[in-house]
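Oh and the sequence shown: position 325 is 382 in our numbering, straight run, nothing missing.
Idealized CB from N, CA, C, for every residue including glycine.
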Amino acid sequence: MLLVADDDPAVCAVCRDVAEALGLRVLEAGTTERSVETVDRERVDLVLADLRMPSGGGMALLERLKQAHPQLEVILMTGYGSVETAVEAIKRGAYDYLAKPFHLDDLRAKLQHAVKELELTSENRILREQARGQPGFGGLIGTSPKMQRIYKLILKVSQSRHPVLIVGESGTGKELVARSIHFLGPNRDKPFLPVDCAGLVPTLIESELFGYVKGAFTGAGRSKPGLLEMARGGTLFLDEIAELSPDLQAKLLRALQEKEIKPVGGTERVPIEVRVVAATNRDLDQAIRDGRFRQDLYYRLNVVTIKLPPLRERKSDIPLLVHTFLERFSDPARPVGGLSEEAMARLMNSDWPGNVRELENVIERALALGAGPVVHTVDLPSNLQSPASGASPAPPREGILPLRELEKRAILQTVEELGGDKLLAARLLGIGKTTLYRKLKEYELEA
Ligand SMILES: Nc1ncnc2c1ncn2[C@@H]1O[C@H](COP(=O)(O)OP(=O)(O)OP(=O)(O)O)[C@@H](O)[C@H]1O
Ligand SMILES: [Mg+2]
């Protein structure tokens, strides 16, 4: 799908004609804001953006889009004579540029080229995932008895094709476990395909999982196989499974039972051969009791459960994790030797509500801020600087606030301070972006 971001209706009309003739679906937006909204809502693959648009312009739009949707490609339309701007745009991640006024042939050629390249993306994704598969336990770190039990379980289930459900708090490594199950198994050369059930709207998840046939909706110029079909002996990783809509829960159950799927708009059933690994940080039992998750699907997915321990239950692994992250993030030219004893004591005392992800962020931040060869207490975030405990919130100034309220304020404030940059906010808060999106959705519902 193509988005034309230009405030000139004539330009939009021309672009639409050319793009539709190439079989693309086309959306239009006249302002930067509208463009961002559209891209957040619809599955846009390509954006043709005018450099001079009201409210921000194409360059700002380019940056926002590339940050929030790195897989999306942007072609900038620039006025004649602004070659420097065009070069700058490419440097900042634009796919290509088009000098205005342009010839139709030129526009057609650039669009065609981009479309051809985008068609490769699903295959690229499979290759990329394969390249990331490492030997051992996919980068899982920890030697505590609790982790050793996890490694044994991973090894065992990796040799079978049973569905696995991975549960654990946010940041405990569920995704790493899913990867190692796949890459330690006999089908490691088959695709590992992650799907984020919280990140997309249900209709998009449906076409992602089940695929669609040519003509399924206006502009579906060709058919596209779903990930369930493309797995072909590989693993489908359903992340944040608790967020799957009731309708899709039913469809997924049926697909897993019958080992067949019907692509959107299709009549024929396609056989599937896929291993399913699902993960959630939610209490699925509670979700079932609340009627938000189907019990029959739960039984199907939960043949084996792997429950990841929170970091506070395996604190003996903290020094090793710290060491690994110091190596990972420090500048090879100026290696950081370690932590002061006091700083390490603070880390050992914290409760780590954000688990390994939070610890990873703390170390990365300390290295970014600190100057010397040793990380000191002052390089840690303020909540870790008081000896009492990292888990205690700032002293209540307006009476006691429930934790949930504190969390809500922290999230909303951070997002606001960062001008709405949710990716960065999630990073700084030490939570996953899907967790952040989900929480923001919850606050919206409350309001
Ligand atoms: N045992 C571990 N060893 C090394 N790194 C880990 C470990 N657990 C988590 N991490 C790191 O912490 C970060 C979060 O891990 P991951 O994405 O697997 O968590 P998650 O359980 O899926 O969290 P969420 O529920 O928020 O999605 C990643 O950067 C990962 O590399
Ligand atoms: Mg995750």
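Ligand 2 heavy atom lying under 7 Å from the CB of residue i
i	result
GLY489	yes
GLU23	One cannot answer for residue 23 here, as it falls past the ends of the chain, which runs 58 to 504.
ALA336	yes
GLU232	yes
ASP296	yes
Rounded straight-line distance, which links the Cα of residue j to that of residue i
i	j	result
GLY411	LEU105	39 Å
GLU226	ARG339	8 Å
PRO259	ARG369	35 Å
SER397	THR434	7 Å
ASP74	LEU155	17 Å
ARG427	GLY395	Note that residue 427 is Gly in the sequence shown, not Arg. Taking the straight line joining both Cα atoms gives about 12 Å.
LEU129	GLU94	14 Å
LEU60	VAL101	7 Å
ARG495	LEU502	11 Å
ALA67	ALA151	23 Å
GLY256	ALA143	32 Å
LEU309	VAL393	49 Å
ALA78	ALA299	40 Å
GLU473	GLU120	18 Å
LEU480	ASP374	28 Å
TYR409	LEU168	The sequence given here has Trp at residue 409, not Tyr. TRP409 and LEU168: Cα-Cα distance of roughly 48 Å.
SER443	ARG91	45 Å
GLU417	GLU145	33 Å
GLY114	ASP63	10 Å
VAL321	VAL333	21 Å
LYS203	ILE211	13 Å
VAL224	LEU301	16 Å
ARG357	LEU341	13 Å
Sequence-distant residues of its chain with Cβ nearer than 8 Å to residue i (five each side left out)
i	result
ILE420	VAL379, PHE382, LEU383, PHE386, VAL432
GLY190	The predicted model places GLY190 with a pLDDT of 38, which falls under 50 and marks its position as unreliable; any figure quoted below should be read in that light. Excluding positions up to five away in sequence, the list reads ARG236, HIS239, PHE240, ARG245, PHE249.
ALA86	LEU60, VAL61, ALA62, SER92, GLU94, THR95
Simplified DSSP assignment, three categories, for residue i
i	result
ALA400	helix
ASP74	helix
ARG414	helix
THR434	helix
ASP342	helix
LEU103	strand
GLY115	helix
PRO450	In this prediction, PRO450 scores a pLDDT of 45, lower than 50, which makes its location untrustworthy; no coordinate-derived value is stated.
GLU226	coil
ILE238	helix
TYR552	There is no way to answer for residue 552, as the model of the chain reaches only from 58 to 504.
THR135	strand
ILE488	coil
ILE375	helix
ALA335	strand
MET58	coil
GLU325	coil
PRO303	helix
ASP64	coil
THR259	Note that residue 259 corresponds to Pro in the displayed sequence, not to Thr. In this structure, PRO259 counts as helix in the three-state DSSP scheme.
Cβ neighbours of residue i in the same chain (closer than 6 Å, five flanking residues each side left out)
i	result
ILE318	PHE267, LEU285, ALA312, VAL327, ILE329
ARG349	none
GLY278	GLY80
PHE294	ALA235, PRO251, VAL334
LEU222	ALA335, LEU358, ASN359, THR362
Cutoff 7 Å; reference residue i; Cβ partners in own chain excluding five residues on either side
i	result
LEU437	ALA400, ARG403, VAL419, ALA423
LYS372	MET405
THR135	LEU108, THR142, ALA143, TYR154, ALA156, LYS157
GLU415	GLY228, TRP409, GLY487
GLU99	MET58, LEU84
LEU305	PRO259, ILE262, GLU263
Any non-hydrogen atom of ligand 1 within 7 Å of residue i CB
i	result
VAL68	no
ILE25	Beyond the ends of the chain as shown, which are 58 and 504, falls residue 25; an answer cannot be given.
SER373	no
SER302	no
ILE198	yes
VAL472	no
VAL413	yes
GLY256	no
GLU499	no
LEU241	no
VAL225	Inspection of the sequence shows that residue 225 is occupied by Gly rather than by Val. Checking every heavy atom of ligand 1 against the Cβ of GLY225, one is found closer than 7 Å.
GLU417	yes
Any C-beta of chain D under 8 Å from that of residue i
i	result
SER201	Although the question refers to chain D, the structure presented lacks it and comprises just one protein chain.
Proximity test, residue i beta-carbon vs ligand 3 heavy atom, cut-off 7 Å
i	result
THR362	Inclusion of ligand 3 in the displayed structure is not the case, the ligand content consisting of ligand 1 and ligand 2 alone.
**OP:** Report yes or no: do three or more beta-carbon pairs, one from the segment 197-212 and one from the segment 228-239, lie closer than 8 Å?
**Re:** Touching, yes.
**OP:** Would you check if the segment 246-255 and the segment 212-219 touch, i.e. whether three or more CB-CB distances between them fall below 8 Å?
**Re:** Taking 8 Å as the limit for Cβ pairs, the verdict is that the segment 246-255 does not touch the segment 212-219.
**OP:** Would you be able to state if there are at least three C-beta pairs under 8 Å between the segment 265-282 and the segment 80-98?
**Re:** Touching, yes, given that three or more Cβ pairs across the two stretches are closer than 8 Å.
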